[in-house]
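Numbered by numbering that gives the first Met the number 0, the letters in the sequence shown go through residues 0 to 132 in order. The beta carbon of each residue, even a glycine, is placed where N, CA and C say it ideally should be. I have placed the structure first, in the form of structure tokens, so that the comments after it can refer back to it.
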Amino acid sequence: MATILETAVSAGLFNTLLAAVDAGGLRGALEGPGPFTVFAPVDDAFAALPPGTVQTLVDNPPQLARILKYHVLAGAHSRAELVAQPEWESLEGAPIPIRRAEPFEVKNATVVSADIVCDNGVVHVIDRVILPG
0 MATILETAVS AGLFNTLLAA VDAGGLRGAL EGPGPFTVFA PVDDAFAALP
50 PGTVQTLVDN PPQLARILKY HVLAGAHSRA ELVAQPEWES LEGAPIPIRR
100 AEPFEVKNAT VVSADIVCDN GVVHVIDRVI LPG
């Protein structure tokens, strides 16, 4: 079975996320044993950010790492587990609200594909970049 990052590479929809993971210095952690639950924004989610946002974040690795960690939970959690409670604590430390009705949403992002099981966790594909706060 592929790791979270190998799965992201093979999908071809997460080039910006993968570049951000490298720029934020998180590749080693996400290649580790985990397990992790990752809310993975597709490339279009990053493209929808205001112009210059991605470059600003790449130029500020600590801020970028903070935002990326907000997309990750410790442990491997399925959709069924996630909707069982209204929020979960991210690796960044801030809570991530979960919509417990249809559509399945994480903060302000819709989950477009859930429960992609990987060797070191679970990926839920989202349509927006989520921000703490």
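Does the distance from the CB of Ala64 to the CB of Gly23 come in under 8 Å?
Taking the first residue of the sequence shown as position 1, residue 64 is located at position 65. Taking the first residue of the sequence shown as position 1, residue 23 is located at position 24. Contact: yes.
At which residues does the alpha helix (DSSP H) containing Arg65 begin and terminate?
Within the sequence shown, the letter at position 66 stands for residue 65. Residues 60-68.
Can you tell me whether Ser77 is helix, strand or coil according to DSSP?
Taking the first residue of the sequence shown as position 1, residue 77 is located at position 78. Coil, per DSSP.
Span of the alpha helix (DSSP H) around Glu91
As a first step, residue 91 is located in the sequence shown; it is residue number 92 there, counting from the start. Careful: Glu91 lies outside any alpha helix (DSSP H) and carries neither H nor E.
Find out if the Cβ-Cβ distance for the pair Asp42, Asn14 is shorter than 8 Å.
To locate residue 42, count along the sequence shown from 1; it is residue 43. To locate residue 14, count along the sequence shown from 1; it is residue 15. Taking 8 Å as the cut-off, the Cβ atoms of Asp42 and Asn14 count as close.
Name, in chain order, the residues that DSSP records as bridge partners for Ile125.
Numbered from 1 along the sequence shown, position 126 holds the residue referred to as residue 125. Ile125 is bridged to Pro40, Val110.
May I ask you to list the residues that DSSP assigns as paired with Gly33?
Numbered from its first residue, the sequence shown carries residue 33 at position 34. Bridge pairing for Gly33: absent [DSSP].
Quick one: is Ser127 buried, meaning 16 or more other Cβ sit within 10 Å of its Cβ, or exposed?
The residue you call residue 127 lines up with position 128 of the sequence shown. In the sequence as displayed, the identity of residue 127 is Arg instead of Ser. Arg127 sits buried, since 16 or more C-beta atoms from the chains shown fall within 10 Å of its C-beta.
Residues near Asp114 in its chain [Cβ-Cβ closer than 8 Å; skip 5 each side]
Working through the sequence shown from its first residue, we reach residue 114 at position 115. Excluding residues within five positions, the ones whose Cβ falls inside 8 Å are Ser77, Arg78, Val121, His123.
DSSP three-state assignment for Val116, whether helix, strand or coil:
In the sequence shown, the residue the question calls residue 116 occupies position 117. DSSP places Val116 in strand when its eight states are reduced to three.
Please name the residue, chosen from Ala108, Cys117, Asn119, that lies closest to Pro40 on a Cα-to-Cα basis.
As a working mapping, residue 40 is identified with position 41 in the sequence shown. Nearest of Ala108, Cys117, Asn119 to Pro40, Cα basis: Ala108.
Quick check on the burial criterion: 16 or more other C-beta atoms within 10 angstroms. Buried or exposed for Val20?
Working through the sequence shown from its first residue, we reach residue 20 at position 21. Here Val20 is buried. Its C-beta has 16 or more other C-beta atoms within 10 Å.
According to DSSP, which residues form a beta bridge with Arg98?
On the sequence shown, position 99 is the one that residue 98 refers to. Its beta-bridge partners are Glu104.
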